[in-house]
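Below is one structure; the comments refer to it alone.
Protein chains: 2
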Amino acid sequence: MKENVLKNNGLKSTEGRKLILDILESACEPMTADEIFVLARQKRELNFSTVYRTLSTLAEKSIIMKNIGGDGKSYYQLSSEGHCHYLVCSECHRRIAIDGCPFEEMRENIANETGFHITGHNFEFVGECPECFKKNN
Amino acid sequence: MKENVLKNNGLKSTEGRKLILDILESACEPMTADEIFVLARQKRELNFSTVYRTLSTLAEKSIIMKNIGGDGKSYYQLSSEGHCHYLVCSECHRRIAIDGCPFEEMRENIANETGFHITGHNFEFVGECPECFKKNN
DNA sequence: TTGCAAATGCAAATCACTTGCAATAAAACA
DNA sequence: TGTTTTATTGCAAGTGATTTGCATTTGCAA
């Protein structure tokens with residue numbers, strides 16, 4: 033339950049935070065702060081900077097994950113959901129999920145070799161989707 | 033030779049462009065636009081927006097590669113150099129190169145499965161370097 | 001050498017995101 | 001339950017990286 037997730041992490045359970053967790057829970061894709069803001073606004077008053085602050089806080093507590101896309105924007109998703117990566121079309125910006133994540137194994141090796149305490153990763157393939165490629169070639 | 037690289041791609045060979053290619057050639061790491069600008073300025077007058085425009089143009093022609101780091105900044109490197117990926121410390125922002133790139137193989141499979149014309153990828157591990165981890169735990 | 005498209009400089013604009021501070025709401029405590 | 005304490009929020013202004021419009025300059029083909 034959302035209340036508990038928050039309290040267990042020493043965070044106050046506020047309407048805004050619960051709403052943002054709700055939104056991320058029903059999202060099937062990583063979302064930008066802006067997208068989350070738009071959906072949240074349909075339910076209640078909520079400031080843009082509150083959305084950003086909430087997302088930072090949740091990411092800091094590892095309740096959600098933050099990734100930077102090739103477009104320079106941050107994408108957020110619940111950590112509990114099996115996370116996935118994307119193919120991003122450089123032309124139409126369509127995003128297609130790639131199932132699975134091949135980095136868990138790599139991560140162990142690299143952590144051992146370097147002593148880094150690895151907490152996450154950013155990955156995406158960039159290219160042209162079949163439609164855009166056809167259009168341009 | 034730099035002149036040819038440019039001309040072969042239908043670009044005029046200007047002092048600024050050659051200088052930026054020089055800088056990237058002698059860099060052993062991906063660089064930000066700002067870092068490139070600072071070095072370039074030591075050699076000749078050159079506007080910030082020219083640096084950005086040059087980098088975009090070169091990336092568009094695939095002469096250089098652009099990757100977005102977890103800090104949201106763009107990092108540029110020559111495509112001809114074997115490219116590499118990074119471990120980035122979320123605390124002190126130290127970057128450590130990981131040799132090799134495990135994505136070439138994956139790329140083929142995914143391209144076949146999805147029809148995407150894949151032109152590049154962004155990847156980095158994020159975590160705490162041994163020093164910062166020790167400090168915080 | 002001239003003509004013209006491409007490249008550059010400059011200043012202002014944009015975009016995603018952050019911050020300072022006062023007002024408010026949640027949880028702790030009496 | 002009422003009150004205090006402290007975290008959270010709203011608002012407006014601020015940042016930092018990058019982009020753009022437009023006038024000027026430069027490379028290079030004719």
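Sequence lines, in order, name chains A and B.
Using the numbering used here, you'd call the opening residue of the first sequence number 33 and step up by one each time.
Using the numbering used here, you'd call the opening residue of the second sequence number 33 and step up by one each time.
Idealized CB from N, CA, C, for every residue including glycine.
Is the Cβ of A:G147 closer than 7 Å to any Cβ of chain B?
Within the first sequence, numbered from 1, the residue matching residue 147 of chain A stands at position 115. Chain B, which has a Cβ nearer than 7 Å to the Cβ of A:G147, makes this yes.
Kindly provide the ranges of any beta strand (DSSP E) runs that are 3 or more residues long and lie completely inside the region 83-117 of chain A, ordered along the chain.
Runs found: 96-100 and 106-110.
Could you work out which residue in A:G101, A:Q74, A:G147 and A:N40 is closest to A:I52 when comparing CA atoms only?
Taking the first residue of the first sequence as position 1, residue 52 of chain A is located at position 20. Looking at the Cα atoms, A:Q74 is the closest of the given residues.
Continuous alpha helix (DSSP H) stretch holding A:A65: start and end
In the first sequence, the residue the question calls residue 65 of chain A occupies position 33. A65 to R73 is the extent of the alpha helix (DSSP H) around A:A65.
Which residue marks the beginning of the beta strand (DSSP E) containing A:G152, and which one marks its end?
Within the first sequence, the letter at position 120 stands for residue 152 of chain A. H149 to E160 is the span of the beta strand (DSSP E), which, as asked, contains A:G152.
Name the chain B residues that come within less than 9 Å of A:I68, Cβ to Cβ?
Taking the first sequence and counting its residues from 1, the one referred to as residue 68 of chain A is at position 36. The contacting residues do not exist; A:I68 stays about 18 Å from chain B at best.
Give the secondary structure of A:R196 by DSSP, where H, G and I count as helix, E and B as strand, and everything else as coil.
Nothing about residue 196 of chain A can be reported from this structure: the residues present for chain A run from 33 to 169 only.
Length of the line joining the Cα atoms of B:H149 and A:C161:
Position 117 of the second sequence, counting from 1, holds the residue named residue 149 of chain B. Position 129 of the first sequence, counting from 1, holds the residue named residue 161 of chain A. Each residue's alpha carbon lies about 6 Å from the other.
Consider the Cβ of B:I95: report whether some Cβ of chain A lies at a distance smaller than 7 Å.
One-based indexing of the second sequence puts residue 95 of chain B at position 63. Chain A, which has no Cβ nearer than 7 Å to the Cβ of B:I95, makes this no.
By the DSSP assignment, the alpha helix (DSSP H) with B:M138 in it spans what residues?
In the second sequence, counting from the first residue as 1, residue 138 of chain B sits at position 106. Note, B:M138: alpha helix (DSSP H), F135 to T146.
Within-7 Å CB hit, B:I100 to chain A:
If you number the second sequence from 1, residue 100 of chain B lands on position 68. Yes - at least one Cβ of chain A is within 7 Å of the one on B:I100.
Anything in chain B within Cβ reach of A:M63, meaning under 7 Å, just list it in chain order.
Translated into positions along the first sequence, residue 63 of chain A becomes position 31. Here the premise fails: no neighbours, minimum Cβ distance about 17 Å.
Is the region 89-98 of chain B in contact with the region 33-45 of chain B, if contact means three or more CB pairs nearer than 8 Å?
yes
Taking 7 Å as the CB-CB limit, is B:E156 close to chain A?
By 1-based counting over the second sequence, the position of residue 156 of chain B is 124. Interface residue, yes.
In whole angstroms, give me the CA-to-CA distance for A:T46 and A:M33.
Indexing the first sequence from 1 puts residue 46 of chain A at position 14. Indexing the first sequence from 1 puts residue 33 of chain A at position 1. Each residue's alpha carbon lies about 13 Å from the other.
If you check the beta carbons only, do B:L71 and B:I95 fall under 7 Å apart?
On the second sequence, residue 71 of chain B is found 39 positions in, with the first residue counted as 1. On the second sequence, residue 95 of chain B is found 63 positions in, with the first residue counted as 1. In this structure, B:I95 does not lie closer than 7 Å to B:L71 by Cβ.
Cα-Cα separation between A:G104 and B:G104, rounded to whole angstroms:
Residue 104 of chain A sits at position 72 when you count from the first residue of the first sequence. Residue 104 of chain B sits at position 72 when you count from the first residue of the second sequence. Cα to Cα, A:G104 sits roughly 6 Å from B:G104.
Which of helix, strand or coil DSSP assigns to B:L119
What you label residue 119 of chain B is simply residue 87 of the second sequence in a count that begins at 1. The answer is strand: DSSP assigns B:L119 an E or B state.
Helix, strand or coil for A:L38, going by three-state DSSP, please let me know.
The sequence position of residue 38 of chain A within the first sequence is 6, counting from 1. It is helical.
Establish whether the CB of A:E160 and some CB of chain B are separated by less than 7 Å.
Working through the first sequence from its first residue, we reach residue 160 of chain A at position 128. Cβ-Cβ to chain B under 7 Å: yes for A:E160.
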